[in-house]
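Okay, structure first, notes after.
Residue numbers (the numbering used here), protein chains in the order written: chain V, 1 to 810; chain R, 811 to 1422.
Rendered as structure tokens:
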């Protein structure tokens, strides 16, 4: 029976072997991985990675073409590219292709020793690979069809109980394994809501069937446990016809053994439009670019970065001029991917872009005129400096933090929301180092009246909320999943989650002396228990482990110190990525607050550089913004060329994006000269200055203004919808402001300005540029054709406001 | 206890008279030694007589047209008047307003000629001046200020400290519109703001003053100071200290360093007052207090009630370092610890700030009571005494570490107003002081009155705390209740009815019963029955004593007072009140306090012996 198992595995894998032939390729070297391994027991197997031209630009996977031979068929044989044991001993496997050879040494041991299927390391993995225990199926809290498994096998004891004993053992038949419901349902031999999940002969089927046939045994207590897995190759760039890559997963166990666990490992691709990955671990090219392959076996993960490149015709790399460090790193990546960056944007585009990015508003008419008249070679950097010093910058960037820190009057009642927003304004205006900012928030104590930073703990009402919020804000990690089970796509565990919670559990809250205030203080008692194990958690620092904190100390301070230390691998990278994402329209890691192995940075060297630059300059937001915005990369045009038209991730051109709700409303107000009225705020208040998102402003809501209920950038919706179009085309906001008698347009008409003057002013104020002759001509023709000049000019204003150039950041 | 005070504050004190109220006051030249003009905005400003302050009385300047919402006063402050925050009340023939606060300032007043709500500002302020005004909703004030580079100016706004609803924010911007300085809450100023600003360049700066939530209205008034030094709030703070009886107490100031137990500041055996402060980074203050076995020790913190932001935690440890008791908040008040000391010896008091805050404003005052503590407080700010009638002042009482009778008495009464000291029994949680108008009382008077607690065995006196009832919190804001030093009594016309009792002193033997006659004098057609009952709940009456009830169908009724055999000889007070309901109107009037003397029962054989 055991031999049947590995035979089925081998057959299943061989069925997916590559068929790409590189007969014409020149091969300078051949490599076999692993080049030395041990097969323990009769069911062991090892797939070999055979690589041609390792390390060279023309590297490719030669597994499907190379000939594999065993030097001693009494010890090991080759079956469909997989090495199978035959008897104890040591021998070699030789791979040959186009006259090149590579050799791997194999040792077979304990061939005659029984090796039953292991529940913990094989059955659970098989259930995961088949998708049985995923959240949408039997892994949901209530199970499916009366059959409940723990999510992704995080609770083996529960699963064992369910599989072996529930409902009088009706799911399995040891005497006749093939009659077991556990097999018949996923084979669709009887009705199954989850559809067909297994095929006879597949490795997963083999494991489940053999486990039942062997009496559904559990492994002895001293059985080795899984330490880690490794997905190989770790990184690979394949060019032109090289369109497939076999990957293998090596499992490292506590007894020191290494086993090929590829057949029972689940795979995912970070970008299906670039690379897909089959159940048999074959990665196939779907498009040009890079993708990360994630391998999951039991509760361990490993990733591999695979790039598929195709030489482009006429591509001729021209190193852009005036490249600063950021540019060098961006362009190096672009060159590698044969992407030619766009040209520099125009001065008018730059002024509009920089002003919107830093202040959230359009350049004023005076600013447009002054910038156009400035012929200084440093006019762009001068503009950046001037904007960074303005209150508008502080107002706009404090809005971003206010969104994330959930600065809303439902959580921060009374004057709290005003004081917290004002404190954030100060943080931005004074360019408070963001490590200090994070420290102040995380360790804040005292009255929320006197210490606005303490409102962080008013928004985060318990350690669970604080854990998730803090991780997402300052570590760039969405750790929520680990509350109920070990994170399915990351290395974070429940211990990590509740270890962080332990740092925040002792935050005390009591009513303040003044109404609608709270007093935040540190309690010296109280523990967090890991709900699954019942273990009392110590403060846990990610990748560092648990630490003991003396009872009279603030645990938060220990966490904050670790978080903001220069050596912390998360903080500077996540904040730098967030800042980059805000001005570039996309993070190097995107979404900006979702760092994980399966969502790697598009340009890790660039992210590392930005993080170092940020930390090395006192965690200054202004410094980083200055560095980014003075780069050629930032100043590239949004106009694409034939070599970067499909690039969305590598910053070869400016990313066009619609103005945010507040930017758009303020821009409409600025062009029309009619300000918006907000409840509880003085006349003339701009949307970006609001302390609290109004709950009754239709325009802002339609365009995605967040209500500040989540510490996630994703709460701000960037989706387009029909309501937005209706608002812009004939909504009351645009309509009434254009027609307002006290507005700019009517003022210009009253001043006796000519049509061309007014058209020019509308373009300057809305698009920050002079109209082109054809635009003037078109507008004038419309005015001339209309009996009502005022109405016609209102139409022109409407057209400017409804133009993509106005609506988009570009 | 404060919740209880709010309840009592709703009891009717004066019937139907329109008591004047003050929304805000504006002053001009309210400077020591100068003639000042005060303008009061409020309601019920009819038949105004004067504006009372502790420093001087300001005469009413009759207006050409009667105006019930505005009144002007003039007067001269004595030279020796201390600049700072002082009390003021407006006095009309109908009564006395609640206490309000005003600022005596050494800086000259600057009278605004426009609303100053435009930016850029239309008004430029001189370098040393003060400005009074109110903030309108959603409309910040903008003032111009011309400064040279390096020139420094102190800017301070008083609002919260004057019981204004305004939570002020100061923002200074340059002529380019960009902010150069800003302040919201300055520590120790109860939410007010102050800033010392040094001009970075020659410029015309804009000072913006607004409410933090952009609120505004008549109750959002301010006193803005440009230049000069920080204005002291010493007069009000002194009053607060006096209100809790600390002015004349023997005190101990902490001696730094006292951050650890071995550095504890010694506290003399007779000291009853500790003052300290958490300076920058100060983790804890330690004190060493000597005590005796079975001695009752009570330590009460005063921080929030004195407007300090400090939130103290008290720990009392014995000489071995064992923690005996801990207190953070006691009810809605600051920390208080009370215990009976187990042994003779030194004890160590550790004082910490709950959330580790420190700085010059983070101060505290501790009151040490050895042998028990009596707390008495009232929410009454002023009370009307009807002509030839009575008025009551409800008082909440609490004893900590003791259980004995004590007296409460009113002092500094105006001529013709009398009050019998009230004896408060060990079980009582409330008491009522009754004021009685005699025939010698003037038709018109307004008089400040103090109430004292006197512990009868040791003769100690402490003041009754006057804590005005907290105003409800609204979207527009709130006022923080503050301690004050006393209350006002004033005359009104005859009440709908008044009650008297005879005899006023009753001697009663244990096991005996007697009656007092309650007589009503009615006016007009208030002829309905009057229900007479004790104001003291039955459970709080002295052991063995019961007070009956009665109904005055006509003008007199008998109320029974009974002492059973378990009654303890001694002096007690009986407080009765009458309740009359006519249609939907209920009028409650007190009966003057009756003194009850319980004596041991005299046996018949003893009687005979005495008669022989």
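Quick reminder that beta carbons are idealized off the backbone N, C-alpha and C, glycines included.
The structure displayed is predicted, hence computed values, not measured ones.
Against chain V, the CB of residue 1015 of chain R has no partner CB under 8 Å away; the residue lies outside that interface.
Residue contact check for residue 1092 of chain R against chain V: no CB pair falls below 8 Å.
For residue 1335 of chain R, no alpha helix (DSSP H) segment is defined, and its DSSP state is neither H nor E. If you compare the alpha carbons of V:571, V:141 and V:123 with that of residue 215 of chain V, the shortest gap goes to V:123. Under DSSP, residue 896 of chain R takes part in a beta bridge, and its partners are R:912. Listed along chain R, the residues sitting closer than 9 Å to residue 516 of chain V by beta-carbon distance are 1283 and 1288. The straight-line gap separating the alpha-carbon atoms of residue 1073 of chain R and residue 1067 of chain R is approximately 6 Å. The residue from V:117, V:142, V:37 and V:137 with its alpha-carbon nearest to that of residue 90 of chain V is V:37. The beta carbons of residue 1354 of chain R and residue 1375 of chain R sit closer together than 8 Å. Residue-level contact check: residue 988 of chain R touches chain V, since one or more beta carbons of chain V fall below 8 Å from its beta carbon. Taking a C-beta cut-off of 7 Å against chain R, the contacting residues of the stretch 444-474 of chain V are 445, 446, 447, 449 and 450, listed in chain order.
Separation of residue 213 of chain V and residue 174 of chain V (C-alpha to C-alpha, rounded to the nearest whole angstrom) is 5 Å.
Per the coordinates, the alpha-carbon of residue 598 of chain V lies some 23 Å from the alpha-carbon of residue 499 of chain V. When DSSP states are grouped into helix, strand and coil, residue 801 of chain V belongs to the helix group. Secondary structure within the stretch 542-573 of chain V: the alpha helix (DSSP H) runs of 4 or more consecutive residues, fully enclosed, are 555-564 (chain order). Inter-segment contact for the stretch 1193-1200 of chain R and the stretch 1399-1411 of chain R is present: three or more beta-carbon pairs are separated by less than 8 Å. The three-state secondary structure of residue 456 of chain V, taken from DSSP, is helix.
In the three-state reduction of the DSSP assignment, residue 198 of chain V falls in the coil class.
Rounded to whole angstroms, the separation of the alpha carbons of residue 574 of chain V and residue 199 of chain V is 43 Å.
With fewer than 16 other Cβ atoms from the protein chains shown falling within 10 Å of its own Cβ, residue 317 of chain V counts as exposed.
As a beta-bridge residue in DSSP terms, residue 658 of chain V pairs with V:808.
The residue from V:433, V:48 and V:80 with its alpha-carbon nearest to that of residue 621 of chain V is V:433.
A Cβ of chain V is located within less than 8 Å of the beta carbon of residue 1023 of chain R. Going by DSSP, residue 350 of chain V is part of the alpha helix (DSSP H) stretching over 347-359. As far as DSSP is concerned, residue 784 of chain V takes part in no beta bridge.
Chain order gives no chain R residues near residue 384 of chain V, where near means a beta carbon separation below 8 Å; the closest approach is about 16 Å. For residue 973 of chain R, no chain V residue has a C-beta closer than 7 Å to its own C-beta; the minimum C-beta separation is roughly 14 Å. For the set V:26, V:415 and V:399, the Cα lying nearest the Cα of residue 424 of chain V is the one of V:399. Taking 8 Å as the cut-off between beta carbons, the residues of the stretch 1162-1176 of chain R near chain V are 1164, 1165, 1166 and 1167, in sequence order. Chain V places a beta carbon closer than 8 Å to that of residue 948 of chain R, counting this residue as a contact. Taking a beta-carbon distance threshold of 8 Å, residue 782 of chain V does not count as an interface residue toward chain R.
Take residue 71 of chain V, set aside five residues on each side of it, and the residues of its chain with a beta-carbon closer than 6 Å to its own are 91 and 92, in chain order. The beta-carbon of residue 1114 of chain R is placed less than 8 Å from the nearest beta-carbon of chain V.
For chain R, none of the residues of the stretch 251-264 of chain V brings a beta carbon within less than 8 Å of one of its beta carbons. Restricting attention to beta strand (DSSP E) runs no shorter than 3 residues, the stretch 1164-1209 of chain R encloses them at 1173-1180, 1183-1188 and 1192-1196, ordered along the chain. Within the stretch 693-773 of chain V, the runs of alpha helix (DSSP H) that reach at least 4 residues and sit entirely inside it are, in chain order, 698-702, 722-730, 732-739, 744-750 and 755-767.
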